[in-house]
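Visitor:
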Amino acid sequence: MIIREGFPANLVTPPAEAGAQLGEPLDSIEPVAQMDPSLRRGGDSTVADLPQITIPYAFARKFGVVVDHTDTDAHLTIAMRAGADPKVLLELRRYLGRPFDVGFVEQIAFDRLLSNVYAMDGQANALAAVGMGDELDLLAGDMPTAEDLLDTADDAPAIRLINGIIADAARNGVSDIHIEPYESGLVVRMRIDGVLRETLRMPPNVAPVVVSRIKVMARLDIAERRVPQDGRMGLTLGGKLLDVRVSTLPSRAGERVVLRILDKENAGIDLEALGLPPALFALLNEALSEPNGIILVTGPTGSGKTTSLYAALRLLNDGSRNILTVEDPVEYAVDGVGQTQVNPKVGLTFAAGLRAILRQDPDVVMVGEIRDRETAEIAVQASLTGHLVLSTVHTNDAIGAITRMRDMKVESFLLASTLRAVIAQRLVRRLCPTCRKAVPASDTVAPLLGIAPDAVVYVAQGCEDCNQTGYKGRIGVFEAVRIDDTIRRLINTDGHESEITAHAFAKSPNLAQSARDLVLSGQTTAEEAVRVSRRDTTEVAPEVAEA
């Protein structure tokens, strides 16, 4: 072996003369599985091609050695952490069965290299590693009880468990995975159809192992446990591309982790597939055909606003327009659309990104969210200069978006001149068609929904098809407002929100009415309808209720 950077050659002895014992031999540890090239993240220039030779992560971190595939030398190179025991090279030489060069690196550089080399490790061969048929509780039972990955020579159980959790979540349409440490144990909860459910509970002493492994996969600083961190990892599961966003948060019992699963196929949803009623679909389609102006989508977090915006972009992305976005973060990659992710650490805010985009000759601009006065003013100016601007705001309903823009000090006459349409949406759980049950509306439900007491509604039951939940998937509830001359005049004269609401929904359903229609058609329950439109349930028009 060749020693670099002043490595003391007299410390290296041939394997036959070596008497130092480093504990369990390296070749007795199950090597890290090699990843199939088809599972690599596409288009991510930060991820090097997967090494053909690697060593177990726990051994690499504990003894401070890692196969350095960033070296351009034709020989195999081992990066060794400064201060590491050189005797480990003897065991490494025997395990690898081939000569190698050795180079020292400082602690910070070593940690970065360690994360880069092993980041994809847990994502490799996800289907094979998990076994797909394995139960999560069985995988959890294989977990070591070490306090840290440093203390265990075999990290394969952690890899299998994490892959199993993510694979199980993807199969069941989970949007978020919560990994929560408590004194009583490590709890895994999954958000399915908008509702959190506990799926796994493990002993508390496995929490550091699980969290450390996730942080490695997401390229986070495994030594930093005092501050929140954000990262991401890519997966291919059954031919489906998944992007997993990782967020850690220090807590009293340890680091909490939330994994948000983004199905990249959602970026390919067409506008027709959103489930908009025909009248609202025509309204939105008409607004999108405008050459300039602002179109807003409103709703709480997790209501599908981003999916709706991407569907609108797909409609506009016909090759004849320059479409640019500024997002936080970029959730889905769309061919033909220039996408920029905000980075406040370097000053790239929504406002700064939007200002820069306007110098790129755009036809259509999508801003992930209008959340401050500066961004709102730039969006208005962009629409006044001939650009079509799509964005979101956080309000309870469509008319609330007008009030929100006013609160951000957008002049009423500018808002009246630029706003084209506002779409408000919610997501409700869809009843399982296999086991739903028709019942007469109760005396409590009927007045809440504005329906006749003897009207037929449906309730959730539970069966094998829906995992005994009674629900299967989610469906959108929408209301839309097209800014016509009357609403434009009301905005320009600072008309009250109630006046605008009365005109906007004189002939168009609001959220409460749309939710009630879904109840009567058997697509969701009265409880779901009331949950998403409680504030509006008293606004159901009498003539609509009688229908």
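Here the sequence shown is numbered in the numbering used here, starting from 402 and rising by one per residue.
Where is the CB? At the ideal position from N, CA and C, for every residue including glycine.
(1) Assuming Ala734 and Gln740 form a contact by the criterion Cβ under 8 angstroms, report the distance between their Cβ atoms to the nearest whole angstrom.
(2) Comparing C-alpha positions only, which one of Lys908, Arg890, Met809, Ile852 sits nearest to Val922?
(3) So, at 7 angstroms on beta carbons, what are the nonlocal neighbours of Arg917 in its own chain, with the 5 sequence-adjacent residues on each side left out?
(4) Just the C-alpha distance for Val628 and Gly655, rounded to the nearest angstrom, thanks.
(5) Would you grab the beta carbon distance between Thr925 and Ile876 for me? Rounded to a whole angstrom, and I think it's under 8 angstroms.
(6) For Leu515, which residues in the same chain have their Cβ closer than 7 angstroms to its Cβ, ignoring the five residues on either side in sequence?
(7) Name the residue from Ile884, Ile901, Tyr872, Phe906 whose alpha carbon lies nearest to the alpha carbon of Asp594.
(8) Have a look at Asp773, Thr793, Leu759 and flag the residue whose alpha-carbon is nearest the alpha-carbon of Ser784.
(9) In or out: Pro910 buried (at least 16 other Cβ within 10 Å) or exposed?
(10) From Gly532 to Leu636, what does the alpha carbon distance come to, in whole angstroms?
(11) What's the C-alpha gap between Arg774 and Pro605?
(12) Could you give the uninterrupted runs of the alpha helix (DSSP H) lying entirely in the region 687 to 727, keeping only those of 4 residues or more?
(13) Contact defined as beta carbons within less than 8 angstroms: I believe Leu672 pairs with Phe682. What is the distance between those atoms, to the nearest angstrom?
(14) Please classify Ala608 as buried or exposed, where buried requires at least 16 other C-beta atoms within 10 Å of its C-beta.
(15) Check whether the Cβ atoms of His788 and Asn718 lie closer than 8 angstroms to each other.
(16) Is the separation between the beta-carbon of Pro701 and that of His795 shorter than 8 angstroms?
(17) Counting Cβ pairs closer than 8 angstroms, one from the region 858 to 865 and one from the region 707 to 727, do we hit at least three?
(18) For a test of the three-state rule: what should DSSP assign to Asp664, helix, strand or coil?
(19) By a C-beta neighbour count over all protein chains shown, 10 Å radius and 16 as the cutoff for buried, is Leu650 buried or exposed?
(20) Please identify the residue among Ala674, Arg805, Ala780, Ile892 whose C-alpha is closest to the C-alpha of Phe751.
(21) Hey, Ser652 and Asp631 are a contact pair by Cβ (cut 8 angstroms); roughly how many whole angstroms apart?
(22) If you check the beta carbons only, do Ala927 and Val846 fall under 8 angstroms apart?
(23) What residue does the beta strand (DSSP E) around Asp577 start on, and which one ends it?
(24) Taking C-alpha atoms, which residue in Ser613, Tyr583, Ser704, Ala571 lies nearest to Arg932?
(25) Three-state secondary structure (DSSP) at Met591?
(26) Using 8 angstroms for Cβ pairs, my map puts Ser961 next to Leu912. What's the rounded Cβ distance?
(27) Quickly, what does DSSP pair Gln826 with across the bridge? List them, please.
(28) I think Val575 touches Ile662, with their Cβ atoms under 8 angstroms apart; what is that distance to the nearest whole Å?
(29) With which residues is Pro841 paired in a DSSP beta bridge?
(30) Does Arg917 come out as helix, strand or coil in the three-state DSSP assignment?
(31) Applying the 10 Å Cβ sphere with the 16-neighbour rule, what's the burial state of Leu597?
Guide: If we stick to the structure as given:
(1) Within the sequence shown, the letter at position 333 stands for residue 734. Within the sequence shown, the letter at position 339 stands for residue 740. Confirmed, Cβ separation roughly 7 angstroms.
(2) On the sequence shown, residue 922 is found 521 positions in, with the first residue counted as 1. According to the sequence as given, residue 922 is Ser; it is not Val. Nearest of Lys908, Arg890, Met809, Ile852 to Ser922, Cα basis: Ile852.
(3) Here the question's residue 917 lines up with position 516 in the sequence shown. Taking Arg917 as the centre and dropping the five residues before and after it, the same chain places the C-beta of Leu850, Gly851, Ile852, Ala930, Val941 closer than 7 angstroms to its C-beta, in chain order.
(4) The residue given as residue 628 occupies position 227 in the sequence shown. The residue given as residue 655 occupies position 254 in the sequence shown. Across the structure, Val628 and Gly655 are spaced so that their CA atoms are roughly 11 angstroms apart.
(5) Taking the first residue of the sequence shown as position 1, residue 925 is located at position 524. Taking the first residue of the sequence shown as position 1, residue 876 is located at position 475. Right, the Cβ-Cβ distance comes to about 7 angstroms (below 8 angstroms), so this counts as a contact.
(6) To locate residue 515, count along the sequence shown from 1; it is residue 114. Cβ-Cβ distances below 7 angstroms link Leu515 to Ala461, Arg462, Val467 in the same chain, with the five nearest sequence neighbours on each side left out; the list follows chain order.
(7) In the sequence shown, the residue the question calls residue 594 occupies position 193. When the alpha-carbon of Asp594 is set against those of Ile884, Ile901, Tyr872, Phe906, the nearest one is in Tyr872.
(8) Your numbering for residue 784 matches position 383 in the sequence shown. A check of alpha carbon separations from Ser784 across Asp773, Thr793, Leu759 identifies Leu759 as the nearest.
(9) As a first step, residue 910 is located in the sequence shown; it is residue number 509 there, counting from the start. Around the C-beta of Pro910, 16 or more other C-beta atoms lie within 10 Å, and the residue is accordingly described as buried.
(10) Here residue 532 refers to the residue found at position 131 when the sequence shown is read from its first residue. Here residue 636 refers to the residue found at position 235 when the sequence shown is read from its first residue. Model confidence at Gly532 stands at a pLDDT of 36, short of 50, so the residue's coordinates are unreliable; what they give is reported in the following sentence. Looking at the two C-alpha atoms, the distance is approximately 16 angstroms.
(11) Looking up residue 774 in the sequence shown gives position 373. Looking up residue 605 in the sequence shown gives position 204. Rounded to the nearest angstrom, the two C-alpha atoms are 46 angstroms apart.
(12) The region 687 to 727 contains, as complete alpha helix (DSSP H) runs of 4+ residues, the segments 706 to 717 (chain order).
(13) Residue numbering aside, residue 672 sits at position 271 when the sequence shown is read from its first letter. Residue numbering aside, residue 682 sits at position 281 when the sequence shown is read from its first letter. So it is a contact: roughly 7 angstroms between Cβ atoms.
(14) By 1-based counting over the sequence shown, the position of residue 608 is 207. Buried is the call here.
(15) In the sequence shown, residue 788 corresponds to position 387, counting from 1. In the sequence shown, residue 718 corresponds to position 317, counting from 1. Their beta carbons are not under 8 angstroms apart, which means His788 does not touch Asn718 by this criterion.
(16) Walking along the sequence shown from the start, residue 701 turns up at place 300. Walking along the sequence shown from the start, residue 795 turns up at place 394. Yes, Cβ-Cβ distance for Pro701 and His795 is below 8 angstroms.
(17) Contact between the region 858 to 865 and the region 707 to 727 is absent, because fewer than three Cβ pairs lie under 8 angstroms.
(18) Position 263 of the sequence shown, counted from the first residue, corresponds to residue 664. In the three-state scheme derived from DSSP, where H, G and I count as helix and E and B as strand, Asp664 is classed as strand.
(19) As a first step, residue 650 is located in the sequence shown; it is residue number 249 there, counting from the start. Residue environment: Leu650 is assigned as exposed (fewer than 16 neighbouring CB atoms within 10 Å of its CB, all protein chains considered).
(20) Within the sequence shown, the letter at position 350 stands for residue 751. Comparing alpha-carbon positions, the option among Ala674, Arg805, Ala780, Ile892 lying closest to Phe751 turns out to be Ala780.
(21) Here residue 652 corresponds to residue number 251 of the sequence shown, with the count starting at 1. Here residue 631 corresponds to residue number 230 of the sequence shown, with the count starting at 1. Rounded, the Cβ-Cβ distance is 16 angstroms, inconsistent with contact.
(22) Reading the sequence shown from its first residue, position 526 is the one you call residue 927. Reading the sequence shown from its first residue, position 445 is the one you call residue 846. Taking 8 angstroms as the Cβ cut-off, Ala927 and Val846 qualify as a contacting pair.
(23) Here residue 577 refers to the residue found at position 176 when the sequence shown is read from its first residue. In the DSSP assignment, Asp577 falls within the beta strand (DSSP E) that extends over 575 to 583.
(24) The residue labelled residue 932 in the question sits at position 531 within the sequence shown. Of the listed residues, the one whose Cα sits closest to Arg932 is Ser704.
(25) As a position in the sequence shown, residue 591 is number 190, starting the count at 1. Note: Met591 maps to strand in three-state DSSP.
(26) Limits of the chain in this structure are 402 at one end and 948 at the other, which puts residue 961 out of reach.
(27) For the purposes of this step, residue 826 is identified with residue 425 of the sequence shown, where counting begins at 1. Phe879, per the DSSP bridge assignment.
(28) Against the sequence shown, residue 575 aligns to sequence position 174. Against the sequence shown, residue 662 aligns to sequence position 261. By a beta-carbon distance limit of 8 angstroms, Val575 contacts Ile662. Their separation comes to about 6 angstroms.
(29) Locating residue 841 in the sequence shown gives position 440, where the first residue counts as 1. Val857, per the DSSP bridge assignment.
(30) Taking the first residue of the sequence shown as 1, we reach residue 917 at position 516. Shown here, Arg917 sits in a helix according to DSSP, grouped into three states.
(31) For the purposes of this step, residue 597 is taken as the residue at position 196 of the sequence shown. By the 10 Å Cβ count, Leu597 comes out exposed.
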